[in-house]
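Going by our numbering, the sequence shown opens with residue 372, and the numbers climb by one from there. Below is one structure, written out as structure tokens; comments come after it.
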Amino acid sequence: MALNPVQGGDERRPIARSGRIRRCSVRHVSILTGDPASVQVDCLLGGIDHPLPLGTMDEARPICNACTARSVWREDED
């Protein structure tokens, strides 16, 4: 299946990163519409009925990287 190329422009520029975040199986990321669009990160370790809001990806990064829950990290993480 051939894909059509994506037309680039100012609206499709990459978001700058400020570090690595560990890959987790209970993190939920929502894209919030608006101008500019933003990202909301929630931790679902306590269950889907009790999400813990962590803020933006930059705000969540130090919290997620410091997490000590052993069962949530993907197998390819250290």
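No residue lacks a Cβ here, since even glycine has one placed at the ideal position from N, Cα and C. Treat the numbers as computed from the prediction; the structure is a model and nothing was measured.
Reduced DSSP secondary structure (H/G/I, E/B, other) of residue i
i: residue 438; result: coil
i: residue 424; result: strand
i: residue 413; result: strand
i: residue 432; result: helix
i: residue 397; result: coil
Nearest-angstrom Cβ-Cβ length linking residue i and residue j, presumed shorter than 8 angstroms
i: residue 429; j: residue 422; result: That pair is no contact at about 19 angstroms.
Sequence-distant residues of its chain with Cβ nearer than 7 angstroms to residue i (five each side left out)
i: residue 426; result: 412
i: residue 402; result: 408 and 410
i: residue 434; result: 425
Pairwise C-alpha distance: residue j and residue i
i: residue 446; j: residue 416; result: 17 angstroms
i: residue 441; j: residue 419; result: 19 angstroms
i: residue 397; j: residue 391; result: 17 angstroms
i: residue 405; j: residue 399; result: 19 angstroms
Residues near residue i in its chain [Cβ-Cβ closer than 8 angstroms; skip 5 each side]
i: residue 389; result: 429 and 432
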